[in-house]
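For reference, each letter of the sequence shown is one residue, going 155 to 381 in the numbering used here.
Accompanying notes for the structure given below.
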Amino acid sequence: MEGRRSRDGGLSLRRSEKAEIIGTKLDELYPETPIPLDHKDPYTLLVAVMLSAQTTDKKVNEVTPNLFQAASTPSDMASLGIEEIHGYIREIGLAPTKAKNLSRMALQILEAGGEVKADWEFLESLAGVGHKTASVVMAQAFGIPAFPVDTHIHRLAARWGLSNGSNVERTEKDLKSLFSKNTWNRRHLQIIYFGREYCPALRHDLRSCPICSWAATKKRIKEEMGR
C-alpha cells in the first residue's frame with residue numbers, strides 16, 4: 155500500500171484515500187449485504203429496528219416471529235394492549251418503553267392512513283423512532299440513500315480516522331461526504347458486518363485488524379491497547 159509517511163513513521167493517508175481503500179476492502183469481503191433483521195415489509199422492518207436498540211439482532215429475530223404472528227400490521231398492533239405487546243418482547247432490553255412506543259406508533263400510522271411512508275418527517279414523528287431508525291427504514295425498506303450510524307459504525311469510523319468521533323451526527327456527515335451516495339445503503343451494513351467479524355469494541359488487537367492495522371494512527375492504537 156503506497157502513501158506518505160507521517161512523523162511517527164506510520165502511513166499517512168487523506169480521509170478520502172482511506173475511504174476509497176476501505177470501500178474496496180468492504181466490497182471484497184461483503185459483496186452481498188442481507189438485512190440482518192427478519193421482516194417482510196416496511197412496517198415489520200420498522201418494528202424490528204425499534205426493538206434492536208440496546209439489543210442484539212439475534213435476540214430481536216428470536217422474539218419477532220411470535221410478535222408478528224399476533225400483530226404484523228399497525229391495525230393488529232394497535233388492537234393489542236401494551237401489556238400484551240410487552241409479553242411478546244419482554245426478553246429484550248428496554249421492553250416496557252418499547253411496548254409503549256409500539257402501541258403509540260401503530261396508532262399514529264393508522265391516523266396517517268395505515269401505511270409506513272417513505273418520508274423522513276413522517277418516520278421521525280413516530281413514537282420511539284429517531285433519525286437512525288428512520289435512516290435504516292429509508293435505506294433498507296425503500297432503497298433511498300441514507301447512512302444510518304449506530305454506536306458500532308460511530309466507533310469504527312473514529313478508529314479508522316474517517317471522523318473525529320465527536321458525535322454520531324458528525325460521523326454521519328463525514329461518512330456521507332467520504333463515500334459515494336450510491337454506496338451508502340450497502341456501506342453501513344458492510345461496516346456493521348466488519349465490526350462483528352474483525353473489529354469488536356473490546357479486547358481488539360488493532361495491529362492485526364485488516365483495516366485498523368493501517369488506517370488507525372499509532373496514537374489511536376496506543377490509546378486502545380494501552381501500549
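By construction, the Cβ of each residue, glycine as well, lies at the ideal position given by its N, Cα and C atoms.
query                                                                                                   : result
Buried/exposed call for G268, threshold 16 Cβ in 10 Å                                                   : exposed
Residue range of the alpha helix (DSSP H) that includes K252                                            : A249 to E265
Whole-angstrom C-beta distance between D181 and N215, which should lie under 8 Å                        : 26 Å between Cβ atoms; not a contact.
DSSP three-state assignment for H358, whether helix, strand or coil                                     : coil
Whole alpha helix (DSSP H) elements within the segment 184-261, 4-residue minimum                       : 196-205, 211-224, 228-233 and 236-243
Nearest-angstrom Cα separation, counted from L332 out to K252                                           : 34 Å
Separation of C363 from K376, as counted between CA atoms                                               : 14 Å
Proximity below 8 Å, CB of A293 to CB of L277                                                           : no
Burial state of D304, where buried means 16 or more other Cβ atoms lie within 10 Å                      : buried
Beta carbon of L234 nearer than 8 Å to that of Q262                                                     : no
Buried versus exposed call for K335 [16 or more other C-beta atoms within 10 Å across all chains shown] : exposed
Inter-residue CB distance, L382 and I239 (contact presumed, cutoff 8 Å)                                 : There is no way to answer for residue 382, as the model of the chain reaches only from 155 to 381.
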